[in-house]
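Every number in our numbering is 33 more than the matching position in the sequence shown, counting from 1.
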Amino acid sequence: MLGSLTGVIRVAVLFLLPHFAWAQGQLRAGVAKTAITPAVHNRKVYLAGFGHNRIATGVHDDLYVRCLALEAGGQTEVLCSVDVIGLFYDDVLKIREQVKVQAPRISHLIVASTHVHEGPDTLGLWGPTPLQTGVDESYLSWLDSQIAATAVTAARSLEPARMELSRDDHPLLGLLQSVDRPPIVKDPYLFVMRLTGIGAGKTLALLVNWSDHPETLGGENSEITADYPHWLCQYVENHLGGTAIFFSGSIGKVSTLGNQVALQDPETGEIAQDRTWKKAELIGTRLGQLVERALKSAEAPQVNSILIRKSILFAPLQNDHFRMAEAAGVFAGRKPLYSDGKLDRSTVERELADTGRIRFSTGHDLQTEVDYVELRSGDRVVAEVATVPGEIYPELTNGGISRYPGADYPDAPFEPALRAHLKSRYQFILGLGNDELGYLIPRAEWDDQPPWLLNRPQRWYGEINSAGPDLAGVVVRGLVRLIEQR
Ligand SMILES: [Zn+2]
């Protein structure tokens, strides 16, 4: 009799524990991933990232959306990473609408792209010609719904979890990043977050944040691949368990391409050739090993609340290529312009000397968003997540903006350095977060008119793929306001 009563009490205690722990502000985590690889044999898939009219001929490895849900103190934050070149803010707003209907308990959703250059064109810029879109609208709508469904699945699988945080600055991290525009500033820091289920003690998810363009295969490859993040995630999942989720960081002007990034192939003893599968595999695997190393010195703080702040921003569009593309429908209506905070779809036709009459969109601004999330233990901020709606130059993240002869705005004040304003050791900066506005370049380094920086005979690469010289200031100052808000 006594024995069976004890059994009943034990069952009741076990049943109550998870709920009791949750009620105390205990962290819960959930994860999900879904393949999003487009079918390439029954339709034309334009590959994004290098020249126009690159058509996919096969699939080397699948592309994924991977989502992590974190819940503490009544807030549920979901972070999704998508293996595509970028997604505009309008898509993120559509995804959030779907999520709101399916899982109203999700407080906030971040969708960031890894910026892979060997996947479908989700922006439109790499179609058959510069003024013809590369977007397949039916694929993109399907992709939006897959991202929403994956976010919802992650939030529905929440379970009590323990968080470990780590960062690393091993010298090899900087050697995997090639920079060929001054100043030679990089953002080599590797940030890792591991979530382990308290019940079974199994790894649920491993979030990795690091900065480098996933473009190792170059423009000649025509097979779909997630590039080095594919091997990184594979290594991490095989060696550490759970679902790996990779977020690109401060990737402006930082590349895996070129001879600056030289890795020895252990099988041949030779340096892996540039633009090869072997080089992408070696970068991803090395990074996976560095993640494993970083976790050996991880901290495990008690996260019991999440603070979420977001701000909608308007940044002036100062790039006429983007105005022509928008008017021609290249962005498939997904990057409309705004004037005085209101949607403005007006256009004008202009006569250009070399191309004839061309239509331009005339609205003033791009609408975008920045987010700042604190993971807290009581009053202490233990980790932070900040989103950047594009490809930020690392000197805007770490400091090191420089003045050079030839700059278009030689006296421009420097934008604040983002990391200097963050409060914790664990600073997850999610590049291409909720939007892709191209390069964020310090205004003092902006160079769209000759003479070129450092009297180089030809122009530097960068400005052509940026919304303009004011974008960096609008975004970084917007983020600093969120970080310092009380
Ligand atoms: Zn890029």
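Backbone N, C-alpha and C define an ideal beta-carbon position, used for all residues, glycine too.
message: Looking at GLY63: is its Cβ nearer than 7 Å to the Cβ of ASN337?
response: For GLY63 and ASN337, no; Cβs fall outside 7 Å.
field: Closest Cα partner of PRO449 within the set LEU470, THR395, LYS286 and GLY511
entry: GLY511
query: Is it buried or exposed for SER283, if we count other Cβ within 10 angstroms and need 16 for buried?
result: Answer is buried; the Cβ neighbour count reaches 16.
field: TRP175 (DSSP reduced to helix, strand or coil)
entry: The three-state reading of DSSP puts TRP175 in helix, counting H, G and I together.
- prompt: Which word fits ALA56, buried or exposed, when buried means at least 16 other C-beta atoms lie within 10 angstroms of its C-beta?
  reply: Only weak support is given to the placement of ALA56: the predicted model assigns it a pLDDT of 45, under 50, and the question is left unresolved by the model.
query: Does DSSP classify VAL269 as helix, strand or coil?
result: helix
message: From the DSSP secondary-structure annotation, give me the bridge partner or partners of GLY389.
response: LEU385
Span of the alpha helix (DSSP H), counted from its first residue to its last, around TYR122: Segment 122-135, the alpha helix (DSSP H) holding TYR122.
- request: Can you grab the Cα-Cα spacing for the pair LEU465 / MET357, in whole Å?
  value: 22 Å
message: Classify PRO137: buried if its beta carbon has 16 or more other beta carbons within 10 angstroms, exposed otherwise.
response: exposed
query: Would the beta-carbon of THR155 fall within 7 Å of that of ILE118?
result: yes
message: Buried or exposed for ARG378, going by 16 or more other Cβ atoms inside 10 Å?
response: exposed
task: Return the residue from the list GLU151, VAL168, ILE180 and LEU173 that minimises the CA-CA distance to VAL144.
output: When each option's Cα is compared against that of VAL144, the closest is ILE180.
- prompt: How about ALA72 and TRP159: do their beta carbons lie closer than 7 Å?
  reply: no
message: ligand 1 and GLU496: does any heavy atom of the ligand fall closer than 6 Å to the residue's C-beta?
response: no
query: Within the chosen definition, does the region 412-423 reach the region 454-471 through at least 3 CB pairs nearer than 8 Å?
result: yes
message: Give me the residue from GLY157, GLN135, LYS219 and ALA445 with the minimum Cα distance to VAL185.
response: GLN135
- prompt: Using the C-alpha atoms, what's the distance from ASN292 back to ALA440?
  reply: 28 Å
query: Based on Cα-Cα distance, which residue from VAL168, GLN482 and TYR405 lies nearest to LEU463?
result: TYR405
query: Any chance the CB of GLU520 is under 6 Å from a heavy atom of ligand 1?
result: Here the chain covers residues 34 to 519 and nothing more, so residue 520 does not appear.
query: In its own chain, which residues sit with a C-beta less than 8 Å from the C-beta of LYS343, not counting the 5 before and 5 after it?
result: So the list reads HIS141, GLU402, VAL403, ASP404, TYR405 and LEU515, once near-sequence residues are dropped.
field: Beta-carbon proximity list for ASP220, same chain, < 7 Å, skipping 5 on both sides
entry: SER244, GLY282, SER283, PRO427, THR430 and ASN431
task: Can you tell me which of the three DSSP states GLN491 falls into?
output: Here DSSP, grouped into helix, strand and coil, assigns GLN491 to coil.
message: Checking the sheet assignment: what are the DSSP bridge partners for TYR261?
response: Its beta-bridge partners do not exist; DSSP assigns none.
task: Give the secondary structure of GLU417 by DSSP, where H, G and I count as helix, E and B as strand, and everything else as coil.
output: strand
message: Taking the alpha carbon of ASP177 as the reference point, which residue from GLU478, GLY84, ASP373 and ILE69 has its own alpha carbon closest?
response: Taking each of GLU478, GLY84, ASP373 and ILE69 in turn and checking the Cα distance to ASP177, the smallest one comes out for ILE69.
- prompt: Between VAL241 and GLN59, what straight-line distance do the alpha-carbon atoms span, to the nearest angstrom?
  reply: 23 Å
message: Assuming the contact rule is C-beta atoms closer than 8 Å, LEU198 and GLU407 should be a hit. Round their C-beta distance to whole Å, please.
response: No, LEU198 and GLU407 are not in contact; Cβ-Cβ is about 13 Å, not under 8 Å.
field: Three-state secondary structure (DSSP) of PRO163
entry: coil
query: Does the distance from the CB of THR166 to the CB of VAL294 come in under 7 Å?
result: no
Assigned secondary structure, GLN297 (DSSP; H/G/I helix, E/B strand, else coil): strand
- prompt: With contact counted as at least three CB pairs below 8 Å, one residue from each stretch, are the region 86-97 and the region 214-233 in contact?
  reply: no
- prompt: To the nearest angstrom, how far is it from the Cα of CYS113 to the Cα of VAL381?
  reply: 38 Å
field: C-beta atoms of LEU296 and LEU350 nearer than 7 Å
entry: no
task: Kindly indicate the opening and closing residues of the alpha helix (DSSP H) around LYS311.
output: 310-328
task: In angstroms with no decimal places, state the Cα-to-Cα distance between HIS74 and SER288.
output: 30 Å
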